[in-house]
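Student: For the sequence shown, the working numbering begins at 567 and goes up steadily by one. Glycine included, each C-beta is placed from N, C-alpha and C at the ideal position. In this text, all values refer to a predicted model and were calculated from it rather than measured experimentally. Got a structure for you, questions after.
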Amino acid sequence: MRMDPHLLRTFVTVARRGSFSAAAVELGYTQSAVSQHIAALEADLSAVLLRRRPVAPTEAGRLLLDHAGPLLLRLDAARADIARLVAEPTGRLTLGVTPLALTPHVADRLAALRAAHPRWEVTIRVLDRDAVPAAVSAGTLDAGLTDGMTAPSDPLLLPETGPLTSTVVAERPLHVTLPAGHPLARRTGLRLPDLADAFWLDAPATAVPLPHLRTACAPGTFRTRLRYEGTDVHGLAALIAAGEGLALLPALDGLPGVTQVPLSAPRLVHRVELLTGGVTTGPAAALREELTALPAR
Numbered sequence: 567m568r569m570d571p572h573l574l575r576t577f578v579t580v581a582r583r584g585s586f587s588a589a590a591v592e593l594g595y596t597q598s599a600v601s602q603h604i605a606a607l608e609a610d611l612s613a614v615l616l617r618r619r620p621v622a623p624t625e626a627g628r629l630l631l632d633h634a635g636p637l638l639l640r641l642d643a644a645r646a647d648i649a650r651l652v653a654e655p656t657g658r659l660t661l662g663v664t665p666l667a668l669t670p671h672v673a674d675r676l677a678a679l680r681a682a683h684p685r686w687e688v689t690i691r692v693l694d695r696d697a698v699p700a701a702v703s704a705g706t707l708d709a710g711l712t713d714g715m716t717a718p719s720d721p722l723l724l725p726e727t728g729p730l731t732s733t734v735v736a737e738r739p740l741h742v743t744l745p746a747g748h749p750l751a752r753r754t755g756l757r758l759p760d761l762a763d764a765f766w767l768d769a770p771a772t773a774v775p776l777p778h779l780r781t782a783c784a785p786g787t788f789r790t791r792l793r794y795e796g797t798d799v800h801g802l803a804a805l806i807a808a809g810e811g812l813a814l815l816p817a818l819d820g821l822p823g824v825t826q827v828p829l830s831a832p833r834l835v836h837r838v839e840l841l842t843g844g845v846t847t848g849p850a851a852a853l854r855e856e857l858t859a860l861p862a863r
C-alpha cells in the first residue's frame, strides 16, 4: 500500500468540495486526472472511498479522512522545516495572530523589533485559533501568536500539527464580560460555577470557547442563544451590551456598554504564546528573542 500523498490530497479535496470538477479547479488538474487519482487510491486500498452521485465519502472514505488531515499536515510541516533550513535569509516576516493575541506587551515588542529593523517587511494576518498552529507548521506563516484560557502552570491546548516551539509571551487575568446594567456588574469578583446556567455568547474566535468553559466547570450547561464567528472584539462587545449573553475575556479597554468583573474561581488565566516551526531563523528568530527579552505580563 503506497498511500501516495498526491492521491491523498486529491481525495481530501474532492471530499471537502463534494465535487470532482470543483476539486479539479482548486488543484489545477483536469477532471479526468482527478477521477484517475481517486480510482488509483481506491485500487491501492481495495476499497470504495467515494460515492459518485452525489459525491460523498463512504464509511471507508470517512475513516481515511480522519487520518488524512494529520498525515498531510505532517508532510507539509516536514517540507516547511527543510525549506526554512536551506532558505537564504530574507527581511520578510509573516506573522499570524488570533484576535486577542496582540496584547499591549506584544505590540510594544513588535514596535521595538520594527524600530531595530526598519527595512523588514512585516505582514500580520488575523486568523482563528486552529488556523494559526496549522499555518505555522505548514510554513505559510513564519510565526504565530495564539491565545487561550489555561491554568497558570499549564500550556495552551493546541491542535495536533507538526513540531512547533511554543513560548509564553504574555499572561493576564480573565474577566466575566457582561452588560453595564447587569445585576452582577458591581461585584468585585465572580465564580464561574455560579454562572454555569447563564446565557453565554458562543464566540470561539474571540472569547473563551464554551467547550473550554464546560471542561473547566463541569457540570455546567453554559447555554447559548447566539453564535458569533467574527474576529472583531468590538462587535462581540456590542452583542454583550445588547444582552445577548456573557463572555469570558481578558481585561480590554474601550469596550462601550459592558462591564468586566474579575474571575475569582477557578484559577484561570488568559495566555498568549508564540509559535514557531521546528527550524527558526531570520526575522522569526529575532521576533522570539524580542518577545522573551522582557518578562511576560
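1) Can you tell me whether Ala-606 is helix, strand or coil according to DSSP?
2) So Ala-817 is in the beta strand (DSSP E); what residue range does that whole segment cover?
3) How many angstroms separate the CA atom of Pro-718 from the CA atom of Pro-770?
4) Under the rule that 16 or more other beta-carbon atoms within 10 Å means buried, what is Ile-604, buried or exposed?
5) Under a Cβ-count criterion, where at least 16 other Cβ atoms within 10 Å of its own Cβ denotes burial, should Gly-714 be classed as buried or exposed?
6) Is it right to say His-741 is buried, meaning 16 or more other beta carbons lie within 10 angstroms of its own, or is it exposed?
7) Which of the three DSSP states is assigned to Ser-587 in this structure?
8) If you measure between the beta carbons of Ala-704 and Ala-643, is that distance less than 8 Å?
9) Contact between the segment 723-737 and the segment 689-701 is defined here as three or more beta-carbon pairs at a separation below 8 Å; is this criterion met?
10) Would you decide whether Val-580 is buried or exposed? Buried here means 16 or more other CB atoms lie within 10 Å of its CB.
11) Could you check where the alpha helix (DSSP H) with Leu-767 kicks off and where it finishes?
12) Does the distance from the CB of Val-734 to the CB of Arg-833 come in under 8 Å?
13) By DSSP, does Thr-733 sit in helix, in strand, or in coil?
14) Apart from the five residues on each side of it in sequence, which residues of its chain come closer than 8 Å, Cβ to Cβ, to Leu-812?
15) Which residue or residues does DSSP assign as beta-bridge partners of Ala-813?
16) Using the rule of at least 16 other Cβ atoms within 10 Å of the residue's Cβ for burial, across every protein chain shown, is Gly-662 buried or exposed?
17) In whole angstroms, what separates the C-alpha of Glu-608 from that of Val-614?
18) At 4 residues or longer, and completely inside the segment 673-725: list those alpha helix (DSSP H) runs for me, N to C.
Tutor: On the basis of the data shown:
1) helix
2) Looking at the DSSP string, Ala-817 is not in any beta strand (DSSP E), and its letter there is neither H nor E.
3) 21 Å
4) buried
5) buried
6) buried
7) Shown here, Ser-587 sits in a helix according to DSSP, grouped into three states.
8) Cβ distance < 8 Å, so Ala-704 and Ala-643 count as in contact.
9) yes
10) buried
11) Leu-767 -> not in any alpha helix (DSSP H); beta strand (DSSP E) instead, spanning 765-768.
12) Between Val-734 and Arg-833, the C-beta spacing is not below 8 Å.
13) strand
14) Val-742, Thr-743, Leu-744, Leu-761, Ala-764, Phe-765, Trp-766, Leu-767 and Ile-806
15) Thr-743
16) Note on Gly-662: 16 or more other CB atoms within 10 angstroms of its CB, so buried under the neighbour-count rule.
17) Here the alpha carbon of Glu-608 sits roughly 6 Å from the alpha carbon of Val-614.
18) Counting only runs of 4 or more, we get 697-704.
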